[in-house]
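A short worksheet on the structure shown next.
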Amino acid sequence: MKDLFIQIHGKASLAITRRIKRELSASGHWIFRSHDKEGIVCITSLGSDEGIDSLLSQLDMLLPQGIDVTVFKQGEEIIDAPAERPFAVGRKILVVPWNKDEIPESKHQSNPGGFVLFVRPGKAFGTGTHPSTRGCLLALEWLYDHGLLADKKVLDIGTGSGILAICAVLMGAKDVMGIDIDQEAIALARKNQHLNQCPEEILRFEKSSALEASMDDLEVVLANLVPSIRNRILKRLLCRLRPGGIVVLSGSKANDPSAMLTRHKAGKQDFIKQFLVSGWMTVVLRKEEG
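Those letters in the sequence shown? Residues 134 to 423, per our numbering, in order.
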């Protein structure tokens with residue numbers, strides 16, 4: 134028997150936990166053991182690792198759109214735990230956890246020639262430590278290096294802490310919007326916007342879903358989402374993207390069948406870059422011209 138831990142972030146954690154318990158108990162392959170005040174659910178598998186992979190697929194279908202979860206097996210570390218010290222991503226990006234009240238000064242002196250992202254620890258996904266977030270940051274760095282980000286109109290779907298949207302602004306994007314269905318995430322993203330001194334006329338955060346947001350005339354879309362949501366909105370994203378526009382997709386492990394589904398649904402779009410971080414895949418697509 135092996136334990137699987139699921140941490141559900143946000144106010145709806147108890148209701149979602151009850152749903153998971155009800156659905157999984159009916160299968161007879163899992164024992165629901167506990168739920169604590171931090172929103173961590175412990176489930177014991179009566180089968181093999183293949184059974185755990187099957188459960189993860191089930192959870193992807195059970196969880197409502199936009200719910201932020203962290204999943205880890207017995208003996209594994211939580212891979213999106215907030216960092217305590219600054220850490221580098223790629224060659225140009227330095228992520229700095231910031232707990233102080235004052236706004237940091239002389240930001241770029243600590244990372245000459247690069248970009249410093251200050252992030253307040255919080256429950257919203259995207260503190261920069263998760264492999265899918267790091268993959269997206271690497272993709273943004275690559276877009277910056279190839280002149281595909283400066284002066285662009287960017288939409289960050291499921292923005293969480295706002296780290297990707299803020300990074301796009303620091304790298305020269307002219308019009309950036311981050312959306313999330315969680316109001317707590319939007320509140321934290323705005324705090325991080327203030328922390329990184331990103332002007333409101335360039336960067337906006339709004340409580341909205343991908344199906345509700347205005348998505349016309351976009352040049353770059355960032356979508357670090359669970360596969361079921363990402364694949365559901367991918368076709369709409371590509372339809373509303375300018376010819377030659379860029380989509381950065383993340384949120385799948387490299388061996389996840391949903392990653393291949395993403396390739397299938399992308400149709401005739403060009404795959405121009407791929408990043409693999411700790412088994413998690415981030416891909417960059419470009420919409421064909423004309």
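Cβ atoms here follow ideal geometry from the backbone N, Cα and C, with glycine treated the same way.
Please give me, in chain order, every unbroken run of the beta strand (DSSP E) with length at least 3 that falls completely inside the stretch 343 to 382. Scanning the stretch 343 to 382 for uninterrupted beta strand (DSSP E) segments of 3 residues or longer gives 351 to 357, listed from N- to C-terminal end.
Would you mind sorting ILE236 into buried or exposed? The rule is 16 or more other CB atoms within 10 Å of its CB. For the purposes of this step, residue 236 is identified with residue 103 of the sequence shown, where counting begins at 1. So ILE236 ends up on the exposed side.
Residues bridged to PRO230 [DSSP beta-bridge criterion]: Your numbering for residue 230 matches position 97 in the sequence shown. PRO230 is bridged to VAL252.
Just verifying my parser: in three-state terms, what is the DSSP assignment at ASP278? The residue you call residue 278 lines up with position 145 of the sequence shown. Helix.
Complete alpha helix (DSSP H) runs within the stretch 280 to 322 (minimum length 4 residues, chain order): 296 to 303
For ARG407: DSSP bridge partner residues: Mapped onto the sequence shown, residue 407 falls at position 274. The sequence given here places Gln at residue 407; Arg does not occur at that position. Beta-bridge pairing links GLN407 to VAL416.
Going by CA-CA distance only, name the one from PHE248, VAL252, LYS340, GLY291 that's closest to ALA301. Here residue 301 corresponds to residue number 168 of the sequence shown, with the count starting at 1. Here the closest residue by C-alpha is PHE248.
Span of the beta strand (DSSP E) holding ALA387? Locating residue 387 in the sequence shown gives position 254, where the first residue counts as 1. Neither: ALA387 is in no beta strand (DSSP E) and is coded neither H nor E.
Where do the N-terminal and C-terminal ends of the beta strand (DSSP E) with ARG337 fall, by residue? Residue numbering aside, residue 337 sits at position 204 when the sequence shown is read from its first letter. Note, ARG337: beta strand (DSSP E), 336 to 340.
In whole angstroms, what separates the C-alpha of VAL429 from that of ARG419? Past the boundaries of the shown model lies residue 429; the chain is included only from 134 to 423, so the question cannot be answered.
Are the CB atoms of GLY311 and ALA320 nearer to each other than 8 Å? Locating residue 311 in the sequence shown gives position 178, where the first residue counts as 1. Locating residue 320 in the sequence shown gives position 187, where the first residue counts as 1. The answer is no: Cβ separation not under 8 Å.
ASP349 to ARG267 span [Cα, whole Å]: Taking the sequence shown and counting its residues from 1, one reaches residue 349 at position 216. Taking the sequence shown and counting its residues from 1, one reaches residue 267 at position 134. Rounded to whole angstroms, the gap between the alpha carbons of ASP349 and ARG267 is 27 Å.
What does the alpha-carbon distance come out to for the pair VAL354 and HIS327? Within the sequence shown, the letter at position 221 stands for residue 354. Within the sequence shown, the letter at position 194 stands for residue 327. If I take the Cα positions, the gap works out to 22 Å.
For ALA318 and ALA346, what's the separation of their Cα atoms in angstroms? As a working note, residue 318 is residue 185 in the sequence shown. As a working note, residue 346 is residue 213 in the sequence shown. One C-alpha to the other measures close to 16 Å.
Going straight from the alpha carbon of ASP308 to that of ASN388, what length do you get? Numbered from its first residue, the sequence shown carries residue 308 at position 175. Numbered from its first residue, the sequence shown carries residue 388 at position 255. Answer to the nearest angstrom: the Cα atoms are 35 Å apart.
With distances taken Cα to Cα, identify the nearest neighbour of LEU297 among THR150, GLY377, TRP413, ILE226. The count along the sequence shown starts at 1 and reaches residue 297 at position 164. Here the closest residue by C-alpha is ILE226.
Can at least three beta-carbon pairs, one atom from the stretch 260 to 275 and one from the stretch 374 to 383, be found at a separation below 8 Å? The stretch 260 to 275 is in contact with the stretch 374 to 383.
Using 10 angstroms around the beta-carbon of PHE338, count the other beta-carbons present and answer buried if the total reaches 16, otherwise exposed. Along the sequence shown, read from residue 1 onward, the residue named residue 338 stands at position 205. Classification of PHE338: buried, given that the 10 Å Cβ count is 16 or more.
Best match in PRO230, ALA306, GLY295 for proximity to LYS285 [C-alpha to C-alpha]: Within the sequence shown, numbered from 1, the residue matching residue 285 stands at position 152. The residue with the shortest Cα to Cα distance from LYS285 is ALA306.
Since ALA221 sits in a beta bridge, which residues does DSSP pair it with? As a position in the sequence shown, residue 221 is number 88, starting the count at 1. Its beta-bridge partners are LEU227.
Nearest to LEU351 (by Cα), restricted to the options ALA343, LEU370, VAL417, ARG224: What you label residue 351 is simply residue 218 of the sequence shown in a count that begins at 1. Of ALA343, LEU370, VAL417, ARG224, the residue nearest in Cα terms is LEU370.
Beta-carbon proximity list for GLN316, same chain, < 7 Å, skipping 5 on both sides: Position 183 of the sequence shown holds residue 316. Answer for GLN316: LYS340, listed in chain order.
Near the ligand FMN: PHE251 beta-carbon under 7 Å from a heavy atom: The ligand FMN is not among the ligands present in this structure, which contains no ligands whatsoever.
Consult DSSP for GLN330 and reduce its assignment to one of helix, strand or coil. Taking the sequence shown and counting its residues from 1, the one referred to as residue 330 is at position 197. Coil.
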